[in-house]
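**Student:**
Residue numbers (this note's numbering), protein chains in the order written: chain A, 1 to 545; chain B, 1001 to 1102.
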């Protein structure tokens, strides 16, 4: 019975992992990149590389934000302020613009995305920072990893959610089926074909197993009310808005304007008041609803670097008198649990060391998914070769060929496309209309070509071609950077701008790794596998399948 | 290729299909019922109850899926899910009846 369970779970592990493996690889890879979303955005706006913003007090930053918003977002229904942090010293302001009567809003709604205005301003003066090129920057990978692209957000999120649930099942069944979890952790037998792939899969999976479980489960938690609305519907029948108001605190989303224009109270003293409540901890975000109206309210949330949880305490003020309206501490067990899960997934609390560790664990996750789908093909191949020897007809089967092709386009092709995205960022002319979308089109075009080529020639030399192109593109990014207006490695290291230097160094390392993989692929010859070994592989298959 | 297809008996394919249906549709139905039953039963503030039941639901789903493939036969897989669904449904009916009376 126990062996039966292990076998059935091995089967489930194989198929739940393989079916969605390529989507998962993309989600993992783009999610990994999102740990350095701000740094990627900085690298992709070389105009900002020389900018240096001195840190200022929070009340100064709040005044600057208010000035910037009064100039840009007057009459808007909501304003958003993200206060400066160590990683991002600018104040980011956003606003929902005054509705344009008629079709303007209808169009925006039909697209499923509301139109926002946004700007990065100097926290000392409120002046907009030097006009940088338009780009989605790191946000592109962040959005892609749960919204996908070229489809409504609703469907993208459902697809990613289903894949994430497959992943959770694959991880759990993988644990059940694993016999010697501790011993395998120290086992790596390189250059032994299928055994090496299995060892690599085990090592990358077990090494960061708590991380993989955490990131998959917490990823589902971030969107759980979309995937599992049953609890919400049972307790708040047809009152989802009331639930979110209870959950997040602050003014209701559908607050109505009074129509009486009254000036917004100065934000700076309220920031000081909020910080006093939080023992001096800084304000992270402000949401001002109905600014300039008699019904204005100001919601302030504590900065997320102050604890694991994303559910930070918040305070609501009256937007006219500045009176404290309500405080939400969000300290019940369930709220803290959900907040910590959410917080763990987005990792905003993590300092440089922990962020680095998360990044490495996530890379192990990418390796786990990639070695998993590759292992399936490696295991399957001898069966097909044997069948071909026996029947003397046909090539490898359709299934294996498809998996080979998808592996190529999904792994090597994606990495190549990510590099192309960074090149497009520097080579697409600045000031071109629809520039951000053009960068994205370059990414998807490169990926599509790689995927089609991979499906057409799912063979070793195509792996080498794509790995070499991707490797060269990544490795040369540090050269491209200073040539196209950015701060090169010599400058960024000398000035201690580690965000920019780090991007260049990681690109270099990544490029070198891809080139090394291509070189290694050239050395190992498939034909070398002697025939007796094929029989041995069959036996391993029988045990594993 | 045609040979490889023929080697897999139809009975096996049907078994996998029935289990897969249980693992996706059946498991989602059981999860939804379990979350609803928990949400109606757990004590505490409304918002906490919703959070606790939904967080639990995310763990119920993969367990139900694994059960669908671990059970000795496809029939047993479905039977297990049915029992779980019946228990949750009973709790929901009971809570609704009590809630209606109160």
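Here a beta-carbon is modelled for each residue, glycine too, at the ideal position from N, C-alpha and C.
Any C-beta of chain B sitting closer than 8 Å to the C-beta of residue 11/A?
**Tutor:** Looking up residue 11/A in the first chain gives position 11. Cβ-Cβ to chain B under 8 Å: yes for residue 11/A.
**Student:** Just by C-beta distance, which residues in the segment 302 to 325 of chain A are closer than 7 Å to chain B?
**Tutor:** Answer in chain order: no residues at all.
**Student:** Could you give the DSSP three-state label for residue 349/A: helix, strand or coil?
**Tutor:** Sequence index remark: in the first chain, residue 349/A carries index 349 (1-based). The answer is coil: DSSP assigns residue 349/A none of H, G, I, E or B.
**Student:** Confirm, please, whether the CB-CB distance from residue 362/A to residue 85/A is below 8 Å.
**Tutor:** As a first step, residue 85/A must be located in the first chain, where it is residue number 85. As a first step, residue 362/A must be located in the first chain, where it is residue number 362. No, the Cβ-Cβ distance between residue 85/A and residue 362/A is not below 8 Å.
**Student:** Under DSSP, the alpha helix (DSSP H) around residue 276/A begins and ends at which residues?
**Tutor:** Here residue 276/A refers to the residue found at position 276 when the first chain is read from its first residue. From DSSP, the alpha helix (DSSP H) with residue 276/A extends over 267 to 277.
**Student:** Mind listing, in chain order, the continuous alpha helix (DSSP H) runs of no fewer than 4 residues lying wholly within the segment 356 to 432 of chain A?
**Tutor:** Entirely contained in the segment 356 to 432 of chain A, the alpha helix (DSSP H) runs reaching 4 residues are, in chain order, 398 to 407, 413 to 427.
**Student:** State yes or no: is the beta carbon of residue 1101/B nearer than 8 Å to at least one beta carbon in chain A?
**Tutor:** Position 101 of the second chain, counting from 1, holds the residue named residue 1101/B. With a pLDDT of 46 at residue 1101/B, under the threshold of 50, the modelled position of this residue cannot be trusted, and the question is left open.
**Student:** Hey, quick one: how far does the beta strand (DSSP E) through residue 91/A stretch, first residue to last?
**Tutor:** Walking along the first chain from the start, residue 91/A turns up at place 91. That run of the beta strand (DSSP E) goes 91 to 96.
**Student:** For a contact meaning CB atoms closer than 8 Å, what does residue 1048/B contact in chain A?
**Tutor:** Reading the second chain from its first residue, position 48 is the one you call residue 1048/B. Within chain A, the residues near residue 1048/B are 332, 333, 334, 335.
**Student:** Could you name the residues of the same chain whose beta carbon sits closer than 6 Å to that of residue 75/A, not counting the 5 residues immediately before and after it, in chain order?
**Tutor:** The residue labelled residue 75/A in the question sits at position 75 within the first chain. Result list for residue 75/A: 98, in chain order.
**Student:** Using CA coordinates, which residue listed in 1071/B, 1035/B, 1052/B is at the minimum distance from residue 1091/B?
**Tutor:** Translated into the one-based positions of the second chain, residue 1091/B becomes position 91. Out of 1071/B, 1035/B, 1052/B, 1035/B has the C-alpha closest to the C-alpha of residue 1091/B.
**Student:** Tell me, please, whether the CB atom of residue 1026/B is closer than 8 Å to any CB atom in chain A?
**Tutor:** Taking the second chain and counting its residues from 1, the one referred to as residue 1026/B is at position 26. No, because no Cβ of chain A sits closer than 8 Å to the Cβ of residue 1026/B.
**Student:** Please name the residue, chosen from 286/A, 69/A, 160/A, 357/A, that lies closest to residue 211/A on a Cα-to-Cα basis.
**Tutor:** The sequence position of residue 211/A within the first chain is 211, counting from 1. Out of 286/A, 69/A, 160/A, 357/A, 357/A has the C-alpha closest to the C-alpha of residue 211/A.
**Student:** To test your reading of the DSSP string, which unbroken alpha helix (DSSP H) runs of 4 or more residues are found completely within the segment 219 to 251 of chain A?
**Tutor:** Runs of the alpha helix (DSSP H) inside the segment 219 to 251 of chain A: 224 to 227, 230 to 235, 240 to 248.
**Student:** Chain B partners of residue 338/A, CB-CB under 8 Å?
**Tutor:** Position 338 of the first chain, counting from 1, holds the residue named residue 338/A. Simply 1051, 1055.
**Student:** Which residue's Cα is closest to the Cα of residue 464/A: 475/A, 523/A, 498/A?
**Tutor:** Residue 464/A sits at position 464 when you count from the first residue of the first chain. The shortest Cα separation from residue 464/A among 475/A, 523/A, 498/A belongs to 523/A.
**Student:** Three or more C-beta pairs closer than 8 Å, one from the segment 364 to 379 of chain A and one from the segment 193 to 206 of chain A: is that the case here?
**Tutor:** Touching, yes.
**Student:** Does DSSP put residue 466/A in a helix, in a strand, or in coil?
**Tutor:** Along the first chain, read from residue 1 onward, the residue named residue 466/A stands at position 466. It is helical.
**Student:** Going by the CB atoms, is the gap between residue 228/A and residue 1041/B shorter than 8 Å?
**Tutor:** Counting from one through the second chain, the residue named residue 1041/B turns up at place 41. Counting from one through the first chain, the residue named residue 228/A turns up at place 228. Their beta carbons are not under 8 Å apart, which means residue 1041/B does not touch residue 228/A by this criterion.
**Student:** Any idea which residues DSSP pairs residue 128/A with across the strands?
**Tutor:** Within the first chain, the letter at position 128 stands for residue 128/A. Bridge partners of residue 128/A: 121/A.
**Student:** Who are the near neighbours of residue 309/A in its chain, counting only those whose CB is closer than 7 Å to its CB and skipping five residues on each side?
**Tutor:** Position 309 of the first chain holds residue 309/A. Hits under 7 Å: 336, 339, 340, 343.
**Student:** Please confirm whether residue 1017/B has its beta-carbon closer than 8 Å to some beta-carbon of chain A.
**Tutor:** Residue mapping note: residue 1017/B aligns to position 17 of the second chain, counting from 1. Taking Cβ atoms only, chain A never reaches closer than 8 Å to residue 1017/B, which makes this a no.
**Student:** In the DSSP assignment, what are the bridge partners of residue 1016/B?
**Tutor:** Working through the second chain from its first residue, we reach residue 1016/B at position 16. Per DSSP, none; premise fails for residue 1016/B.
**Student:** Using the C-alpha atoms, what's the distance from residue 133/A back to residue 122/A?
**Tutor:** Here residue 122/A corresponds to residue number 122 of the first chain, with the count starting at 1. Here residue 133/A corresponds to residue number 133 of the first chain, with the count starting at 1. Each residue's alpha carbon lies about 17 Å from the other.
**Student:** Out of 1016/B, 1017/B, 1030/B, which has the shortest C-alpha to C-alpha gap to residue 1088/B?
**Tutor:** For the purposes of this step, residue 1088/B is taken as residue 88 along the second chain, with counting starting at 1. Answer by Cα proximity: 1030/B.
**Student:** Could you list the residues in the segment 234 to 263 of chain A with a C-beta less than 8 Å from some C-beta on chain B, going in chain order?
**Tutor:** The segment 234 to 263 of chain A vs chain B, Cβ under 8 Å: 234, 235, 236, 243, 246, 247.
**Student:** Would you mind telling me which residues of chain B sit closer than 9 Å to residue 225/A, beta carbon to beta carbon, in chain order?
**Tutor:** As a first step, residue 225/A must be located in the first chain, where it is residue number 225. What residue 225/A touches in chain B: 1050, 1054.
**Student:** If you count every other CB in all the chains shown that lies within 10 Å of the CB of residue 1008/B, and 16 or more means buried, which is it?
**Tutor:** As a working note, residue 1008/B is residue 8 in the second chain. Exposed is the call here.
**Student:** State the Cα-Cα distance for the pair residue 1084/B and residue 1068/B, rounded to the nearest angstrom.
**Tutor:** Numbered from 1 along the second chain, position 84 holds the residue referred to as residue 1084/B. Numbered from 1 along the second chain, position 68 holds the residue referred to as residue 1068/B. Going from the Cα of residue 1084/B to the Cα of residue 1068/B covers about 12 Å.
**Student:** Would you list, in chain order, the members of the segment 1033 to 1048 of chain B that have their beta-carbon closer than 8 Å to a beta-carbon of chain A?
**Tutor:** If the cut-off is 8 Å between Cβ atoms, the segment 1033 to 1048 of chain B has 1033, 1035, 1036, 1038, 1039, 1040, 1044, 1045, 1046, 1047, 1048 near chain A.
**Student:** Looking only at DSSP bridge pairs, what is residue 315/A linked to?
**Tutor:** Here residue 315/A refers to the residue found at position 315 of the first chain. In the DSSP output, where bridge partners are listed per residue, residue 315/A has 300/A, 327/A.
**Student:** With H, G and I counted as helix, E and B as strand and the rest as coil, what does DSSP make of residue 83/A?
**Tutor:** The sequence position of residue 83/A within the first chain is 83, counting from 1. Coil at residue 83/A, not helix or strand.
**Student:** Kindly indicate the opening and closing residues of the beta strand (DSSP E) around residue 285/A.
**Tutor:** Taking the first chain and counting its residues from 1, the one referred to as residue 285/A is at position 285. Unbroken beta strand (DSSP E) run through residue 285/A: 283 to 289.
**Student:** Determine, using beta carbons only, whether residue 297/A and residue 325/A come nearer to each other than 8 Å.
**Tutor:** The residue labelled residue 297/A in the question sits at position 297 within the first chain. The residue labelled residue 325/A in the question sits at position 325 within the first chain. Yes, they are a contact pair.
**Student:** Excluding sequence positions up to five away, which residues of its chain have a Cβ less than 6 Å from the Cβ of residue 426/A?
**Tutor:** As a working note, residue 426/A is residue 426 in the first chain. 480, 484.
**Student:** Which residue from 269/A, 413/A, 449/A puts its Cα closest to that of residue 321/A?
**Tutor:** The residue you call residue 321/A lines up with position 321 of the first chain. Nearest C-alpha to residue 321/A: 269/A.
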